[in-house]
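This note's numbering puts the first residue of the sequence shown at -8, with every later residue one more than the last.
Where a beta carbon is used, it is the ideal one built from N, C-alpha and C, also for glycine.
Written below as structure tokens is the structure these notes are about.
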Amino acid sequence: MSRIERVQTSPYQDQKPGTSGLRKRTVVFETQPRYTHNFIQSILAAAAAEPDKEPDSTLVVGGDGRYYNTEAIGIIVSMAAAYGIGRLVIGQNGIVSTPAVSCLIRKINAIGGIILTASHNPGGTEGDVGIKFNTANGGPASELVTDKIFQISKTIEEYAICPDLKVDLSKIGKQEFDLENKFKPFTVEIVDSVEAYASMLRGIFDFTALKELFSGTNSLKIRLDALHGVMGPYVKRILCEELGAPANSAVNCVPLEDFGGHHPDPNLTYAADLVAAMKSGDYDFGAAFDGDGDRNMILGKHGFFVNPSDSVAVIAANIFSIPYFKQTGVRGFARSMPTSGALDRVAKATQIALYETPTGWKFFGNLMDANKLSLCGEESFGTGSDHIREKDGLWAVLAWLSIIATRKMSVEDIMKEHWQKYGRNFFTRYDYEEVDGEAAGKMMKDLEALITDRKYVGHKFKLCKDEYVVEKADNFEYSDPIDGSISRNQGLRIVFTDGSRLIFRLSGTGSAGATVRIYIDSYTNDKGKIFKDAQEMLAPLVKIAMSVSQIQERTGRTAPTVIT
């Protein structure tokens, strides 16, 4: 019989969830008394069903395997039991990818899930820890829910816990616990998190056609890098064991608490080993995943890079290469506001509705739940569809492989043919990570004052032969067409008369300081220019962005941390 204790606590004022939950340095969670307990209690109180109304309610729990995940799961188990949750479904060893959590929530009709991940941020004792809540639709909690969590966290005085309750995370099956003053036992079910997700993918893609890619003398040679994140077991089981890709196609597939000391971020900077391997010419297709498996990077032979904004556009243009969409039809496309307009070109040509949302997958989820959206993407290496309510890295890889199987073309040829048909959106993103928060905030405030002045429209920038005239400048605001909610301050935009855009945002995914992101997007359908280098084509707009923001002068940074 496990006893329930009520523990007095004091609130913290810094537990405001960002774009995807609460992210802080590991030391914050480890050393600040009851920091994790407070936030978990706030989630349970704000988002879980009332225990007297839902005595058999179920929560899904899992994480990306980073340092502190096991300890945090232990806290969640003991607090969920005391709070009155009837059942927890947890991935074996506490490891579940973010897409698989969404899959499980929807499959078992859970009231939601707690995901222990800081996504693409580094892990380990010197890295980051993250905790986020997903609601019953399988997607990230809405701003209404996260605001409620934050308000509770600022006033919390006590929490309930079963301090003696211990769970074996390694053993698949059910474990039941009798609790004092409870008529029903508390159940913890440890599951194989890969199988439910794999079963879902079998119903979306033609696995027979995909298997053929890896058979015969001209089989596709691939290299998949899990970056020592959660995706290792998924890649091994689905791509290698089931679809027949050679076992050595997948590398860095053992999840590590510190991701091998590297940044588990699938971009050209942090996935440098994959880029080097692809440049050798030994592989036809390459992909990398982030720590929790919801992001992806696609590469072709000789390291040909597919910009994420282009990736979702290509999938949209070839969407019926995926059997799932032949069955469901295509209801709509969507992209986050900073993502390039490449998807817009496909939507216009196919006469399919296109939605522009703020950054954050929860906005896509609202559209999906209303049956208005089938495919969506963000420039931050996230792509997905309405099969779940999260972006899905492995889904995106299988989508590309399905297109290759159908088109019988290389990644580079598919991409170049796409540009010839739809034109090309040259796109880049400059990330300035861990900038002084006060300096970054002042820079953004002054920039907003500058560009929202009525006189700014019509302003001309002259650089050599190029002239850019401001057509529109604002702070992006989104009115959700489903629930009518208004999301303000979603990014500063400067739109020029030729359709080029500069966007400035403070990211909500960092754990220390501030991350400033600058996005540059420019379209051309000039056949003589579409194959040129993106950085070369965008150089004039980059100069304007540096000048307008004065980011070097304001932050002291002479160069971005990462260029995508």
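(request) Evaluate N357 with the Cβ neighbour count: other Cβ atoms within 10 Å of its Cβ, from every protein chain shown; 16 or more gives buried, anything less gives exposed. (result) For this step, residue 357 is matched to residue 366 along the sequence shown. Buried is the call here.
(message) Tell me the DSSP secondary structure of C231 in three-state form.
(response) For the purposes of this step, residue 231 is taken as the residue at position 240 of the sequence shown. Correct three-state label for C231: helix.
(message) Less than 6 angstroms between C-beta atoms, sequence neighbours within five positions excluded: which residues of the same chain meet that for D588?
(response) Here the chain has residues from -8 to 555 only, and residue 588 is not among them.
(message) My output table needs one value for A536: the three-state DSSP class, helix, strand or coil.
(response) If you number the sequence shown from 1, residue 536 lands on position 545. For A536, the three-state secondary structure derived from DSSP is helix.
(request) Use the C-beta contact count for K15: other C-beta atoms within 10 angstroms, 16 or more gives buried, fewer gives exposed. (result) In the sequence shown, the residue the question calls residue 15 occupies position 24. Around the C-beta of K15, 16 or more other C-beta atoms lie within 10 Å, and the residue is accordingly described as buried.
(request) Answer with buried or exposed for P8, where buried requires no fewer than 16 other C-beta atoms within 10 angstroms of its C-beta. (result) For the purposes of this step, residue 8 is taken as the residue at position 17 of the sequence shown. Classification for P8: buried.
(message) Can you list, in chain order, the residues of its chain with a C-beta nearer than 8 angstroms to that of T546? Leave out the 5 residues immediately preceding and following it.
(response) Translated into the one-based positions of the sequence shown, residue 546 becomes position 555. Y423, V426, D427, A430, A431, M434, V507.
(request) Return the Cβ separation of G384 and D273 in integer angstroms, given the expectation that the two are a contact with Cβ distance under 8 angstroms. (result) On the sequence shown, residue 384 is found 393 positions in, with the first residue counted as 1. On the sequence shown, residue 273 is found 282 positions in, with the first residue counted as 1. Wrong, their Cβ atoms sit about 23 angstroms apart, outside the cutoff.
(request) Please state whether DSSP places Y447 in a helix, a strand or coil. (result) Here the question's residue 447 lines up with position 456 in the sequence shown. Helix, per DSSP.
(message) By DSSP's criteria, Y346 is part of a beta bridge. Which residues make up the other side?
(response) Taking the first residue of the sequence shown as position 1, residue 346 is located at position 355. Bridge partners of Y346: A325.
(message) With a threshold of 8 angstroms, are at least 3 pairs of Cβ atoms found where one atom belongs to the segment 17 to 28 and the other to the segment 111 to 130?
(response) With three or more CB-CB distances shorter than 8 angstroms, the segment 17 to 28 counts as touching the segment 111 to 130.
(request) Could you give the DSSP three-state label for Q6: helix, strand or coil? (result) The sequence position of residue 6 within the sequence shown is 15, counting from 1. Reduced to three states, the DSSP call for Q6 is coil.
(message) Rounded to whole angstroms, what is the Cα-Cα separation between L107 and P246?
(response) The sequence position of residue 107 within the sequence shown is 116, counting from 1. The sequence position of residue 246 within the sequence shown is 255, counting from 1. Annotation: L107 to P246 spans about 14 angstroms, alpha carbon to alpha carbon.
(message) Quick check: V562 and V68, are their CB atoms within less than 7 angstroms of each other?
(response) Absent from the model: residue 562. The displayed extent of the chain is -8 to 555, so no value can be given.
(message) I need the DSSP call for Q541, collapsed to helix, strand or coil.
(response) Translated into the one-based positions of the sequence shown, residue 541 becomes position 550. It is coil, neither helix nor strand.
(request) Can you tell me which of I289, L441, G323 puts its alpha carbon nearest to the alpha carbon of L392? (result) Locating residue 392 in the sequence shown gives position 401, where the first residue counts as 1. When each option's Cα is compared against that of L392, the closest is I289.
(message) In this structure, how does DSSP classify I557 when only helix, strand and coil are distinguished?
(response) Any answer about residue 557 is impossible in this case: the structure gives the chain only from -8 up to 555.
(request) Could you tell me which of S1, G414, T10, D256 sits nearest to K353, measuring between CA atoms? (result) Residue mapping note: residue 353 aligns to position 362 of the sequence shown, counting from 1. The option with the nearest alpha carbon to K353 is T10.
(message) Just verifying my parser: in three-state terms, what is the DSSP assignment at K353?
(response) On the sequence shown, position 362 is the one that residue 353 refers to. In the structure shown, K353 sits in a helix (DSSP, three-state: H, G or I).
(message) Rounded to the nearest angstrom, what separates R484 and Q318 at their Cα positions?
(response) Locating residue 484 in the sequence shown gives position 493, where the first residue counts as 1. Locating residue 318 in the sequence shown gives position 327, where the first residue counts as 1. Straight-line Cα distance between these residues: approximately 38 angstroms.
(request) Report yes if the C-beta distance between S540 and L441 is below 7 angstroms; otherwise report no. (result) Position 549 of the sequence shown, counted from the start, is the residue given in the question as residue 540. Position 450 of the sequence shown, counted from the start, is the residue given in the question as residue 441. The answer is no: Cβ separation not under 7 angstroms.
(request) Please classify F311: is it buried, with 16 or more other beta-carbons within 10 angstroms of its beta-carbon, or exposed? (result) Start at 1 with the first residue of the sequence shown, and residue 311 comes out as number 320. With fewer than 16 Cβ atoms within 10 Å of its Cβ, F311 is classed as exposed.
(message) Whole angstroms are fine: how far does the CA of F177 sit from the CA of D43?
(response) For this step, residue 43 is matched to residue 52 along the sequence shown. For this step, residue 177 is matched to residue 186 along the sequence shown. Here the model assigns D43 a pLDDT of 45, short of 50, so the residue's position is not dependable, and the following value carries that caveat. Each residue's CA atom was taken as its position, placing D43 and F177 some 14 angstroms apart.
(message) Considering Cα atoms alone, identify which of K523, G284, V461, P257 is closest to L493.
(response) The count along the sequence shown starts at 1 and reaches residue 493 at position 502. In this structure, V461 is the residue among K523, G284, V461, P257 with its C-alpha nearest to the C-alpha of L493.
(message) Rounded to whole angstroms, what is the Cα-Cα separation between D447 and Q6?
(response) Taking the first residue of the sequence shown as 1, we reach residue 447 at position 456. Taking the first residue of the sequence shown as 1, we reach residue 6 at position 15. According to the sequence displayed, residue 447 carries Tyr and not Asp. Between the alpha carbons of Y447 and Q6 lies a distance of about 38 angstroms.
(message) Between which residues of its own chain and A536 is the CB-CB distance below 7 angstroms, once the five residues before and five after are set aside?
(response) For the purposes of this step, residue 536 is identified with residue 545 of the sequence shown, where counting begins at 1. Apart from the 5 residues on each side of it in sequence, A536 sits with its Cβ closer than 7 angstroms to the Cβ of L493, I509, I511 in its chain, given in chain order.
(request) List in chain order: all unbroken beta strand (DSSP E) runs of 3+ residues lying wholly within the segment 378 to 447. (result) Taking only runs of at least 3 residues, the beta strand (DSSP E) segments lying wholly in the segment 378 to 447 are 415 to 426.
(request) Would you kindly work out how many angstroms separate the C-alpha atoms of F495 and T488, rounded to a whole number? (result) In the sequence shown, residue 495 corresponds to position 504, counting from 1. In the sequence shown, residue 488 corresponds to position 497, counting from 1. Approximately 18 angstroms, taken between the alpha carbons.
(request) For the alpha helix (DSSP H) holding T17, just list the boundary residues, first then last. (result) Taking the sequence shown and counting its residues from 1, one reaches residue 17 at position 26. Taken as a continuous stretch (DSSP letters only), the alpha helix (DSSP H) holding T17 covers 17 to 22.
(request) Tell me, to the nearest whole angstrom, how far the beta carbon of A217 is from that of C231; I am working on the premise that it is less than 8 angstroms. (result) Reading the sequence shown from its first residue, position 226 is the one you call residue 217. Reading the sequence shown from its first residue, position 240 is the one you call residue 231. Their Cβ separation, rounded to whole angstroms, is 11 angstroms, which puts A217 and C231 out of contact at 8 angstroms.
(request) Would you identify the three-state DSSP class for A40, choosing helix, strand or coil? (result) Position 49 of the sequence shown holds residue 40. Unreliable positioning characterises A40 in this predicted model, as indicated by a pLDDT of 48, which lies under 50. The coordinate reading is nonetheless provided below. A40: coil per DSSP, three-state reduction.
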